[in-house]
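To start, the structure itself, in structure tokens.
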Amino acid sequence: MNYFSSDFKLGILGGGQLGKMLLYETRKFDIYTKVMDPSDEAPSKIACNEFFKGDLMDFDAVYRFGKKVDLLTIEIENVNLDALEKLEDEGLKVYPPTRALRIIQNKAKQKLFYIDNNIPTADFQRFAYKSEIEDSIANGGLKFPFIWKATQFGYDGQGVKVVRKLEDLNGLPSGECITEEMINFKNELAVIVARSPSGEVKTYPVVEMEFHPEANQVEYVLCPARIDAKVAEKAQEIALQLSNKIKHVGLLAVEMFQTKEDKILVNEVAPRPHNSGHYSIEASYTNQFEQHIRAILDLPLGNTASKVAGIMVNLVGAEGHTGNVVYENMQEILKLNGVTPHIYGKKQTRPFRKMGHVTIVNNDISEARRIAEQVKNTIKVISE
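When you line the sequence shown up against the numbering used here, it's residues 585 to 968, in that order.
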């Protein structure tokens, strides 16, 4: 198949920043792209060959879009799976495959899949309605504190809450959810696995994630993770085992906890390029977005090693600011060594909205971490 400077058409469902960064790579290879997103303001709109406005959860919109392309991929997992399944039945290549997305799209199914396949994960309970949680607490079946998660449509810390007392359940959606045991962990880690249809598989180095205490969003991603080699090896083994069982095609980002006893527990997965891999644009031989394109097109996978230590800082909207975005002190961070900002192209900011990220590369991870902190304290995402 000739993908390059040809009439092959790649479809991408979702037009957010992940789509925009995928499109850097399709442009590099001159692959023709069509993108569908519900928003006219989608960051990907400026970078694709053709843009379609449509609801990703609408059967007809997704089905019609799929009929216009030769291969379909996603940059967000909340899409209409029945439409994808019908397209697959009619012979369209859809990567990741729908059967993998069905498991991943619902957090209860995801957790049950881990249990069935001996993938270590935190203990959990599944509830059809939030009211059942209150009954379980009253009967002594569930003890505080625990983590509440909506089974669908959570992202960037939305749809997740620490519940320490009954009142914490107030205001949460009433539908299907899971509760998880709170893990006393010393690190949050992630491993990205790339897999092609012909079965070639590669993993990226283990990264370490530092989280914002209130927003439950990643503040820093560090590669390589500052952990013992044995722990890193265990994390990669579990990520490979999971990838092998779920049979995704493209990228699978596996988020994990390293417990105080150095056990590795899988938290959750994402079947697409992921925040934990953004560092790779500057730090790796093959960045995660190029790797996703290589994987879904069944091209040889690229070298996943890092050329240099990399740290990623998320740029999120400052609290108390909603409206037209202004990036304050951009000049200052550009003066620093090894700093590259990525601005996603969202015109409107709001508190904790992901607006961009900054990569810091350095031969010394602790120096990179020092500069990352300086970046974090300098640049501000505010409104006019």
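Glycine residues also receive a C-beta, built at the ideal position from the N, C-alpha and C atoms.
**Request:** Starting from A722, trace the alpha helix (DSSP H) both ways and give me its first and last residue.
**Result:** If you number the sequence shown from 1, residue 722 lands on position 138. From DSSP, the alpha helix (DSSP H) with A722 extends over 715-722.
**Message:** Report the CB separation of I927 from G940 in whole angstroms; it is logged as a contact under 8 Å.
**Reply:** For the purposes of this step, residue 927 is taken as residue 343 along the sequence shown, with counting starting at 1. For the purposes of this step, residue 940 is taken as residue 356 along the sequence shown, with counting starting at 1. Yes, I927 and G940 are in contact; Cβ-Cβ is about 4 Å, under 8 Å.
**Asked** What residues in its chain sit with their C-beta under 8 Å from that of K553, if we drop five residues either side in the sequence?
**Response** Lying before the first or after the last residue shown, residue 553 is absent from the chain, which here runs from 585 to 968.
**Asked** Are I963 and E912 closer than 9 Å when you measure CB to CB?
**Response** Residue numbering aside, residue 963 sits at position 379 when the sequence shown is read from its first letter. Residue numbering aside, residue 912 sits at position 328 when the sequence shown is read from its first letter. Their beta carbons are under 9 Å apart, which means I963 touches E912 by this criterion.
**Asked** Is it right to say V746 is buried, meaning 16 or more other beta carbons lie within 10 angstroms of its own, or is it exposed?
**Response** Start at 1 with the first residue of the sequence shown, and residue 746 comes out as number 162. Taking every protein chain shown into account, the CB of V746 has fewer than 16 other CB atoms within 10 angstroms, so this residue is exposed.
**Backbone CA spacing between C807 and K651 [nearest angstrom]** = Residue mapping note: residue 807 aligns to position 223 of the sequence shown, counting from 1. Residue mapping note: residue 651 aligns to position 67 of the sequence shown, counting from 1. C807 and K651 have their alpha carbons spaced roughly 40 Å apart.
**Item:** E798 to L756 span [Cα, whole Å]
**Value:** Within the sequence shown, residue 798 is the residue found at index 214, counting from 1. Within the sequence shown, residue 756 is the residue found at index 172, counting from 1. One C-alpha to the other measures close to 17 Å.
**Request:** Jot down the residue ranges of each uninterrupted alpha helix (DSSP H) in the stretch 837-884, minimum 4 residues, whole runs only, in chain order.
**Result:** Correct list: 864-867, 872-880.
**Asked** If we call anything under 9 Å between Cβ atoms a contact, is R856 one with E659?
**Response** Translated into positions along the sequence shown, residue 856 becomes position 272. Translated into positions along the sequence shown, residue 659 becomes position 75. Taking the C-beta atoms as reference points, E659 is found nearer than 9 Å to R856.
**Item:** Per-residue burial, A889 [other beta carbons within 10 Å of its own, 16 or more giving buried]
**Value:** The sequence position of residue 889 within the sequence shown is 305, counting from 1. Per the 10 Å Cβ criterion, exposed.
**Item:** Contained alpha helix (DSSP H) runs [length at least 4] in the stretch 672-759, N- to C-terminal order
**Value:** Counting only runs of 4+ residues, the alpha helix (DSSP H) found wholly inside the stretch 672-759 occupies 682-689, 691-700, 715-722, in chain order.
**Message:** Since V785 and S827 should fall inside the 8 Å C-beta cutoff, what is the C-beta to C-beta distance between them, to a whole number of angstroms?
**Reply:** Counting from 1 along the sequence shown, the entry for residue 785 is found at position 201. Counting from 1 along the sequence shown, the entry for residue 827 is found at position 243. The pair is a contact, with the Cβ atoms about 6 Å apart (cut-off 8 Å).
**Request:** Figure out for me which residue from L885, Q842, I830, F873 has the closest Cα to the Cα of N701.
**Result:** As a first step, residue 701 is located in the sequence shown; it is residue number 117 there, counting from the start. Selected option, being the one with the closest Cα: I830.
**Item:** Environment of G724 [buried if 16+ CB atoms lie within 10 Å]
**Value:** In the sequence shown, counting from the first residue as 1, residue 724 sits at position 140. Within a 10 Å sphere around the beta-carbon of G724 sit fewer than 16 other beta-carbons, which makes this residue exposed.
**Request:** Decide if F795 is buried, meaning its Cβ has at least 16 other Cβ atoms within 10 Å, or exposed.
**Result:** In the sequence shown, counting from the first residue as 1, residue 795 sits at position 211. It counts as exposed.
**Prompt:** L597 bridges to which residues according to DSSP?
**Reply:** As a working mapping, residue 597 is identified with position 13 in the sequence shown. BP columns for L597 point to M620, I658.
**Message:** In whole angstroms, give me the CA-to-CA distance for N946 and K930.
**Reply:** Along the sequence shown, read from residue 1 onward, the residue named residue 946 stands at position 362. Along the sequence shown, read from residue 1 onward, the residue named residue 930 stands at position 346. Between N946 and K930, the C-alpha separation is close to 29 Å.
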